[in-house]
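As numbered in the numbering used here, the sequence shown has no gaps in its residue numbers, which increase by one up to the final residue, 1300.
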Amino acid sequence: MEKALLVTIKIKSESSEWQLEDLAFELEELVRSCGVKIIDNITCICPKPSPNFLIGSGKVKELSILAQELQADTLIFSHDLSGTQQRNLEEEIGKKIIDRTQLILDIFARRAKSPDGKMQVELAQLQYLMPRLVGKGVLLSRLGGGIGTRGPGEQKLEVDRRQIRKRIDKLKDELKHVSAHRQLMRKKRKDNALPTVALVGYTSAGKSTLLNALSDANQVTSESLFTTLDPISKNVRLANGENIVVSDTVGFLHNLPHHLIEAFKATLEEVVQSDVLIHVLDANNPQVYALKTAVFAVLEELGISDKPIITALNKIDLLSDAAWLARLKEDFPGSVAISAKHKQNLETLLAKLQENFSSRMVELAITLPHNRMDLVDLFYRQGKVHEIKYQENGIKIKLSLPRTLAEKLKLDSKI
């Protein structure tokens, strides 16, 4: 197993809600998601970043000695490094150096299962590598493999900038087709008058567990970060009979690199195009306020922070302090405290969703001929039948139905 020495850095000149110990903990969680053995986590506070090494030269010498003593294979930094800083550190320490973005990309490469997901990961990797090329070529995967070397096909290639640009352009073109296909699927849902809801939140907040609890998704859930990379959508039926589509997407992270968001636009379109967002927030995490800030930073980057948002304070089954939950409810007005794992208070959450879509439903009282049982079946599937009577002159029905479907069928006998 690859052995890694972690280096957690806090830059004083960079404003952040994150404390050094929280940054260290998150870095360890990310590294564990890669199946790498952590031999130590060195923390340091820098007044300002050094252009040559990011950290001071004295700290670099200290890390070099420690890496040799602990027989580390790799040093993983909690901060992003420039190409120059990464090369200088590798030359000075004599070990493989991985920065935060490389670490995230390695996790993404492990998680990507669908062709779409793999293309998005490859695009993000190439966009990361592009400014780091030296001379005419670069070895995309280092000899020896390990963390940070998982790329498209896991092959060792020497390519020049022109070839990488061509590959980037090709991937972008292919992802446009993916986007067009998803747009077609969304149009079909809109034509069927199905409202859409997207689950958003910090990675490991419990979005996949919530989707499983609301539907028959059977999404894989795990304590490790970024379990879900490829989006999944499922139908959920509200108490008033309305069907909605709920989508689970990739988790967010603080200081998520811009090019990473750009590369995953095809996946995040489910979030952009949704009618309502459910922000799943880990109420048991002491950094809950910083997590909220990080999520909204990504929503702002996507230009959708003004969408209707319902906050779901998840994992209340892990809370022992009632005062903490009361404070969260006060600080997040209109939020719903839930436990997705134990399906606690999900009816309240669905009722909140129903409020957002109440104007889309219309109450009807109609009479159908006996030969239109196909419509009766449709009403049971797409709405809620309150009362049905089979009489000689026809089938009398009182029901709730999506307004767009009622208009499409030209049903206007409102109660």
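For every residue, glycine included, the Cβ atom is placed at its ideal position computed from N, Cα and C.
Could you tell me whether the segment 1227 to 1245 touches the segment 1263 to 1280, using the rule of 3 or more Cβ pairs below 8 Å? no
Could you spell out where the alpha helix (DSSP H) holding residue 893 opens and where it closes? Position 8 of the sequence shown, counted from the first residue, corresponds to residue 893. Element bounds for residue 893: not the alpha helix (DSSP H) but the beta strand (DSSP E), 888 to 896.
Could you tell me the alpha carbon to alpha carbon distance between residue 1118 and residue 978, rounded to whole angstroms? Mapped onto the sequence shown, residue 1118 falls at position 233. Mapped onto the sequence shown, residue 978 falls at position 93. Approximately 47 Å, taken between the alpha carbons.
Checking 7 Å against the spacing of the C-beta atoms, do residue 1017 and residue 968 come in under that value? By 1-based counting over the sequence shown, the position of residue 1017 is 132. By 1-based counting over the sequence shown, the position of residue 968 is 83. Yes.
Might you give, ordered along the chain, the residues of its own chain that have their beta carbon closer than 6 Å to the beta carbon of residue 922, omitting 5 neighbours on each side? Here residue 922 is taken as the residue at index 37 of the sequence shown, counted from 1. Counting only Cβ-Cβ distances below 6 Å, and skipping sequence neighbours, we find 886, 888.
Using C-beta distances below 7 Å, list every residue in its chain close to residue 1183, excluding the 5 sequence neighbours before and after it, in chain order. Walking along the sequence shown from the start, residue 1183 turns up at place 298. Only 1137, 1141, 1146 meet the Cβ criterion.
What separation, rounded to the nearest whole angstrom, lies between the Cα atoms of residue 929 and residue 1238? Numbered from its first residue, the sequence shown carries residue 929 at position 44. Numbered from its first residue, the sequence shown carries residue 1238 at position 353. Residue 929 and residue 1238: Cα-Cα distance of roughly 45 Å.
In three-state terms, what does DSSP make of residue 1122? As a first step, residue 1122 must be located in the sequence shown, where it is residue number 237. Strand, per DSSP.
Three or more C-beta pairs below 8 Å linking the segment 1084 to 1097 and the segment 1046 to 1059: Contact fails between the segment 1084 to 1097 and the segment 1046 to 1059, because fewer than three Cβ pairs, one in each stretch, are under 8 Å apart.
Over what stretch of residues does the alpha helix (DSSP H) that includes residue 944 continue unbroken? As a working mapping, residue 944 is identified with position 59 in the sequence shown. Looking at the DSSP string, the run of the alpha helix (DSSP H) that includes residue 944 is 942 to 954.
Residue 1137 - DSSP class collapsed to helix/strand/coil: If you number the sequence shown from 1, residue 1137 lands on position 252. Looking at residue 1137 - three-state DSSP - the assignment turns out to be strand.
Supposed close pair residue 1252, residue 1158 - CB separation, criterion 8 Å: Your numbering for residue 1252 matches position 367 in the sequence shown. Your numbering for residue 1158 matches position 273 in the sequence shown. Between the beta-carbon of residue 1252 and that of residue 1158 there is about 38 Å, and that puts the pair past the 8 Å contact cut.
Rounded to whole angstroms, what's the CA-CA distance from residue 961 to residue 1247? Just pull it up for me. For the purposes of this step, residue 961 is taken as residue 76 along the sequence shown, with counting starting at 1. For the purposes of this step, residue 1247 is taken as residue 362 along the sequence shown, with counting starting at 1. Rounded to whole angstroms, residue 961 to residue 1247 spans 57 Å at the Cα level.
So what's residue 973 in DSSP terms, helix, strand or just coil? Indexing the sequence shown from 1 puts residue 973 at position 88. Residue state, collapsed to three classes: helix.
Apart from the five residues just before and just after residue 1133, which ones in its own chain have a Cβ nearer than 6 Å to its Cβ? Within the sequence shown, residue 1133 is the residue found at index 248, counting from 1. 1084, 1092, 1093, 1096, 1113, 1117.
Chain-order list of residues whose beta-carbon lies under 7 Å from that of residue 952 (same chain, five-residue window excluded): Locating residue 952 in the sequence shown gives position 67, where the first residue counts as 1. Cβ neighbours of residue 952 beyond the five flanking positions: 890, 960, 978, 980.
Once the 5 residues before and after residue 1155 are set aside, which same chain residues still bring their CB inside 6 Å of it? Numbered from its first residue, the sequence shown carries residue 1155 at position 270. Hits under 6 Å: 1083, 1116, 1132, 1134.
Secondary structure at residue 987, three-state DSSP: helix, strand or coil? In the sequence shown, counting from the first residue as 1, residue 987 sits at position 102. Three-state result, residue 987: helix.
Does DSSP put residue 1280 in a helix, in a strand, or in coil? Start at 1 with the first residue of the sequence shown, and residue 1280 comes out as number 395. Correct three-state label for residue 1280: strand.
Of all the options 1291, 1202, 934, which has the alpha carbon lying nearest to the alpha carbon of residue 1227? To locate residue 1227, count along the sequence shown from 1; it is residue 342. Minimum Cα distance to residue 1227 is reached at 1202.
Within the segment 1212 to 1269, ranges of the beta strand (DSSP E) (whole runs, at least 3 residues): 1246 to 1253
Could you check whether the segment 1186 to 1203 touches the segment 1166 to 1175, counting it as contact only if at least three pairs of C-beta atoms, one from each stretch, sit closer than 8 Å? yes
Of the choices 1260, 1002, 1204, 1257, whose alpha-carbon is the least far from that of residue 1224? For the purposes of this step, residue 1224 is identified with residue 339 of the sequence shown, where counting begins at 1. That would be 1204, whose Cα lies nearest to the Cα of residue 1224.
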